[in-house]
Amino acid sequence: MCGRYYMDSEVVREIEKILEQKNGEEKREDLCQESFWSKEIYPTNKVPVLLGNGKKLCLQFLRWGFPIKKHLENKGSCQVIFNARCETGLEKPMFRESILHNPMAIPARWFYEWNRNKEKNMFYREDQAILFMAGCGRLFGNEMRFVILTTKANASVEPVHHRMPLLLDKEDVFQWILDKRKTEKILNKRPDLLERKTDYEQMQLF
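Following this line, the structure appears as structure tokens:
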């Protein structure tokens, strides 16, 4: 599963590059000035995600997590569903339409998983500054929210947890969001291997 991830200025720069290369967009001031950069992201936080706008990618700030139905009327509640299994996503009514019509990519510097001893581990790629996690969105009232899709852990994550985010390569991002013919293929994708650091090692890494 994925219940927390991290964003920093490297992620911001990569998002700007992608939007500039693909859409010819200039830097977005709201993206540069957001106060939460270089911090951990939790469910219910409002964060930048990439999604489709016609034949282009666009960036929007959306809230992470589908609210649980019985808590929808309770404005003080923050209980949400923040992950969906990619293996069964197209079979479940809650996620099927979201995957088919509102696919998204969630940028992160790294994500966290905890082992059975509740030790915190971070997973990242050494060869690139950013990870893209596959996600999908759905309207709740007038608010679009998203969940992160998860898959079976690969060899680098399995010693810590049996699930992990469904990770997209850069070329996958455009296909996932803009080409519905690639949806099932990407849902069955096996994520590339990652580097791992513990919470203590993380403090020494950056």
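The sequence shown stops at residue 209 when you use our numbering, and every number in between is there. From the three backbone atoms N, C-alpha and C, an ideal C-beta is built for every residue, glycine too.
In this structure, valine 163 and glutamate 116 form a Cβ contact; the two beta carbons are roughly 5 Å apart against a cut-off of 8 Å. Per DSSP, the continuous beta strand (DSSP E) segment holding phenylalanine 126 begins and ends at 123-127. For alanine 156, same chain residues with a beta-carbon under 7 Å away, outside a window of 5 residues either side, are His164, His165, Arg166, Met167 in chain order. Taking 8 Å as the upper bound for CB-CB distance, arginine 112 and leucine 197 are not in contact here, some 12 Å apart. Residue pairing from DSSP places asparagine 56 in a beta bridge opposite Lys59. If you draw a 10 Å sphere on the C-beta of leucine 170, you find 16 or more other C-beta atoms in it, and that means buried. Following the DSSP letters along the chain, one finds isoleucine 133 in no alpha helix (DSSP H), marked with neither H nor E. Cα atoms of alanine 137 and isoleucine 109: separation of roughly 6 Å, rounded to the nearest angstrom. Just measuring C-alpha positions, the residue of Ser41, Cys139, Phe126 sitting nearest phenylalanine 85 is Cys139.
Annotated three-state conformation of isoleucine 71 is coil, per DSSP. Bridge partners of methionine 107 according to DSSP: Leu54, Gly138.
According to DSSP, residue pairing for asparagine 118 in a beta bridge does not occur.
CA-CA distance, valine 15 to lysine 72, rounds to 33 Å.
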